[in-house]
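The sequence shown begins at 1 in our numbering and counts up one residue at a time.
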Amino acid sequence: MLHFVRAQAQMLIRSPQLFATLVVIPCYSLVFFHFLKGHHQGGLATTTALTAFLMGAWSHAVFVASQAVDDDRAQGTLSLSLLTPSRYLLALALRTLVTTSLALPVLGEMFLVGRWVFGLPIRVDRPGLTLLVAALVTTGVAATALLMSGLMILVRAARSLQNALTYPFYLLGGLILPVTTLPEPLRWIARGFFLSWGAQLLRDAAVGPVGDLGARLAVLCALVALQAAAGLWAVRRVLSFVRSGRVVLHD
């Protein structure tokens with residue numbers, strides 16, 4: 001485990017582009033907060049900050065999933081790594097989780113920019129709960145990235161699918177429109193999506209007391225656990241297909 005953590009730290013040092021989210025999202029926030037202040041809509045500042053964080057975390061994970069596998073491909077180590085699939089699965093899961101967690105500081109950056117730069121009334125009524133939910137959502141997003149990595153192993157051109165995995169999920173997560181405004185079939189899908197539960201919990205934790213907190217946290221934890229199980233299962237299956245020769249690895 002310690003070896004994997006050290007390897008991940010070295011990769012982060014050699015790949016400063018992985019920190020792009022920490023710079024890009026706050027730059028976008030300048031536009032969002034300027035618009036809110038110019039139109040005297042400061043009451044939406046907290047929701048805007050939380051939504052920008054969630055979008056940034058999701059997009060960061062979507063693109064980091066292929067980054068890890070593509071790096072292995074480019075370095076010629078992917079085929080060798082697949083000789084020990086269990087170790088590679090663990091390494092890939094840790095790399096994805098650690099790199100996805102780089103989006104967590106964006107939450108603090110958004111609050112600082114909105115409050116200190118623009119003087120908007122950003123508030124968090126329950127900071128402890130907010131951090132807990134943000135960590136759970138980040139774990140779920142990392143699990144989604146792991147699920148994607150199975151596709152990246154099989155398909156060399158899978159990067160072209162990444163853009164299709166952003167905005168549709170922003171809708172299902174209630175980041176663009178309230179989930180209640182979605183058509184009925186999509187609404188049911190959204191209700192089983194961890195991101196929609198996490199987003200609403202974050203909003204509620206920011207503004208005041210949260211109703212049914214225990215039950216809602218339990219549901220969020222269960223959905224994140226299911227997402228993680230799906231990601232691990234998918235990558236394990238892909239690795240077994242590659243080892244058995246049923247799937248040809250694209251180097």
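Quick reminder that beta carbons are idealized off the backbone N, C-alpha and C, glycines included.
{"query": "Considering only the alpha carbon of each residue, which of V210, T166, A206, P185 lies closest to L195?", "result": "T166"}
{"query": "DSSP three-state label for R236, please.", "result": "helix"}
{"query": "Can you list, in chain order, the stretches of the alpha helix (DSSP H) that have 4 or more residues and sit fully within the region 39-80?", "result": "45-74"}
{"query": "Could you compute how far the alpha carbon of P178 sits from the alpha carbon of V24?", "result": "25 Å"}
{"query": "Alpha helix (DSSP H) containing P85: first to last residue?", "result": "85-100"}
{"query": "What first and last residue would you give for the alpha helix (DSSP H) that runs through L151?", "result": "127-154"}
{"query": "Indicate whether L80 and V242 have their beta-carbon atoms separated by less than 8 Å.", "result": "no"}
{"query": "When you compare only the Cα positions, how much space is there between V117 and E184?", "result": "41 Å"}
{"query": "Hey, how far is the Cα of V64 from the Cα of A164?", "result": "15 Å"}
{"query": "Can you list, in chain order, the residues of its chain with a C-beta nearer than 8 Å to that of A205? Leave out the 5 residues immediately preceding and following it.", "result": "V124, D125, R126, L129, T130, V133"}
{"query": "Do three or more CB pairs link the region 142-151 to the region 229-244 at distances below 8 Å?", "result": "yes"}
{"query": "Which first and last residues belong to the alpha helix (DSSP H) in which D212 is found?", "result": "Neither: D212 is in no alpha helix (DSSP H) and is coded neither H nor E."}
{"query": "At the level of alpha carbons, what is the spacing between C221 and T99?", "result": "21 Å"}
{"query": "Pairing CB atoms from the region 34-42 with CB atoms from the region 50-57, are three or more of them under 8 Å?", "result": "no"}
{"query": "If you draw a straight line from the alpha carbon of S244 to that of P85, how long is it in whole angstroms?", "result": "12 Å"}
{"query": "For L90, which of A68, L186, V106, L36 has the nearest alpha-carbon?", "result": "A68"}
{"query": "Have a look at A93 and G173 and give me their C-alpha separation to the nearest angstrom.", "result": "23 Å"}
{"query": "Judging by CA-CA distance, which residue of G198, L112, R236, A142 is the nearest neighbour of A228?", "result": "A142"}
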